[in-house]
Each structure stands twice: as structure tokens, then as C-alpha cells.
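> In my numbering, each residue carries its 1-based index in the sequence shown increased by 2.
From the three backbone atoms N, C-alpha and C, an ideal C-beta is built for every residue, glycine too.
Values in this document were obtained by computation on a predicted structure and should not be read as measured data.
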Amino acid sequence: MSRSESDSKSDSSPKHLQYCDRPEWSDVVPIEQDDGPNAVFWEHRRLIVEISGHSSNELSFIASIIKLDSKNYHAWQYRQWVLKTYVLWSDELQYVDHLLQEDIRNNSAWNQCYFVIAHTTGFKDDIIERELGYVEKRIELCPDNESAWNYLRGIARLLLASLTDQRIWNFCRDSYENNFLKDDFNSQQ
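(1) Can you tell me whether DSSP reads residue 20 as helix, strand or coil?
(2) Just reading off the alpha helix (DSSP H) that residue 107 is part of, what are its end residues?
(3) Under DSSP, the alpha helix (DSSP H) around residue 76 begins and ends at which residues?
(4) Report the three-state DSSP secondary structure of residue 112 (helix, strand or coil).
(5) Under 7 angstroms Cβ to Cβ from residue 116, same chain only, skipping five residues before and after it: list those, please.
(6) State the DSSP-derived secondary structure class of residue 40, mapped to helix, strand or coil.
(7) In the DSSP assignment, find the alpha helix (DSSP H) that holds residue 153 and state where it starts and stops.
(8) State buried or exposed for residue 4, treating a residue as buried only when at least 16 other CB atoms are found within 10 Å of its CB.
(9) Taking the CB atoms as reference points, tell me whether residue 102 and residue 140 lie closer together than 8 angstroms.
(10) Could you tell me the distance, in whole angstroms, from the CA atom of residue 108 to the CA atom of residue 179?
(11) Return the CA-CA distance between residue 83 and residue 19, expressed in angstroms with no decimal places.
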């Protein structure tokens with residue numbers, strides 16, 4: 003067969019159809035498959051990226067996975083490895099803030115915020131002040147958000163007796179009185 007004959011045959015042959023689009027498969031109902039988060043996948047991906055040295059798309063790839071499942075521990079763990087290994091910290095706090103704006107209760111994002119600061123600037127006094135302001139605003143928006151309170155507790159543990167400790171104490175007391183004590187009082191009436 004000549005080259006021109008094979009070219010014309012391939013042009014006239016039907017394009018590949020998915021099974022669900024083929025008439026002979028019309029009576030088959032697909033069974034959903036959910037393999038869930040898979041640590042083995044992430045380890046293989048890590049090795050491929052490590053060997054190839056191509057990490058440029060990893061954060062956006064991981065972000066797409068986290069968008070599907072924001073609590074995927076393996077994706078977060080892999081993201082942390084990519085950040086540390088390839089020193090890609092520059093936009094991570096903005097990314098975390100974006101996730102927290104979408105879901106203020108996202109414990110993984112709160113954990114990531116702490117992780118990023120611990121591995122970049124550290125919790126110096128000015129960073130602690132900034133983060134206290136950040137978490138206080140989030141707690142005021144959603145006072146019963148355990149994740150934000152845990153983040154506040156993590157920051158508070160870094161402090162020794164100082165004015166900042168008093169600030170945290172005052173914030174916690176005021177938040178309790180304004181949000182929870184009123185609820186307790188109203189439910190008793």
C-alpha cells in the first residue's frame with residue numbers, strides 16, 4: 003500500500019469514540035471509581051519531579067487537586083515538600099489566604115499558614131503581631147471556628163509573658179463574652 007493510500011484510509015476512518023458514545027456499549031452503566039487520596043501516587047510524582055528537576059507546574063497542579071479535595075493530606079504534604087525543596091514560598095501566604103476566604107474553616111489551610119511562616123520569616127514579634135491581627139479578624143467573622151482558634155493557640159504558645167499575651171487574653175475574653183456568653187444566657191431564658 004502506498005503512503006497516499008494509507009493517508010486517505012486514516013482520514014476516512016472514524017475518529018476514536020469513548021465507550022459511552024459507542025452504540026454497542028449503550029446498555030452498560032459505568033461504575034464510579036473513587037480511589038481516594040493515594041500516598042503512593044504522591045511518592046511516585048515526587049520521584050519523577052526530583053529526577054527530572056521540572057517543578058515549575060507543581061504548585062498549580064497541587065492547587066487543582068486541593069480545589070477538588072481541600073483536606074487531602076497527601077496533597078498538602080507533597081505541596082510542603084515542593085515548597086521546601088524548590089524554595090517556592092513567595093506566593094504561598096496569598097494562596098492560603100485565598101483558600102481561607104473560600105472556606106474559613108479549612109484546617110489544612112490554617113496549618114499551611116503556620117508551616118509557611120515557620121519555614122520563612124519565623125515568628126518574630128512583628129510577624130506575631132500581624133498574624134494575631136489576621137486570626138482575630140477571622141475569629142470575629144466566625145467565632146465558633148475551631149481551626150482559627152487552634153491557629154491562635156499555636157501563636158500564643160510561642161509567646162512568653164508579654165503585652166501580647168495580655169492582648170490574646172483580652173481578645174479571648176471579649177470574644178467569649180460577645181459571642182458565647184450571650185448564647186448561653188439567651189438559651190437559659
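In short, the structure shows the following:
(1) Coil.
(2) It is not in any alpha helix (DSSP H) - residue 107 carries neither H nor E in the DSSP assignment.
(3) 75-88
(4) helix
(5) 153 and 156, listed in sequence order.
(6) coil
(7) 148-159
(8) With a pLDDT of 48 at residue 4, under the threshold of 50, the modelled position of this residue cannot be trusted, and the question is left open.
(9) Against a cut-off of 8 angstroms, the Cβ pair of residue 140 and residue 102 comes out as a contact.
(10) 25 angstroms
(11) 39 angstroms
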